[in-house]
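Chemist: Numbering (this note's numbering), first residue to last: 205 to 272.
We put the beta carbon where it would ideally sit given N, CA and C, even for glycine.
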Amino acid sequence: MEEHCLRFTGHDAQDEIRMAGLDDHPFLPLSLFWPELAVEFPHSVIRAFAAVAVTGARTGGVNGPEIP
Numbered sequence: 205m206e207e208h209c210l211r212f213t214g215h216d217a218q219d220e221i222r223m224a225g226l227d228d229h230p231f232l233p234l235s236l237f238w239p240e241l242a243v244e245f246p247h248s249v250i251r252a253f254a255a256v257a258v259t260g261a262r263t264g265g266v267n268g269p270e271i272p
């Protein structure tokens, strides 16, 4: 799978795969954990997703209409 587009990007203390993603995709993390949804200090995965969603919405790059 790594020869094509799947990248294993996160491992636990026992070196087991915990995160994967796709090349050339703005945001498609595959994880075996649930990021915390704390309001004051959101998890970095949540912040990254929000940033990609906002950028994509503004440019029309996330399968939707452009937001001015």
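So A224 is in the alpha helix (DSSP H); what residue range does that whole segment cover?
Modeler: Premise fails: A224 lies in the beta strand (DSSP E), I221 to L226, not in any alpha helix (DSSP H).
Chemist: Which residues in the same chain as L210 place their Cβ atom closer than 7 Å to its Cβ, once the five residues preceding and following it in sequence are excluded?
Modeler: Here the set comprises A224 and L226.
Chemist: In terms of residue numbering, what span does the alpha helix (DSSP H) encompassing F212 cover?
Modeler: No alpha helix (DSSP H) holds F212; the beta strand (DSSP E) holding it covers L210 to H215.
Chemist: Measure the C-alpha to C-alpha separation of Q218 and S235 and round it to an integer number of angstroms.
Modeler: In a straight line, the C-alpha of Q218 is about 16 Å away from that of S235.
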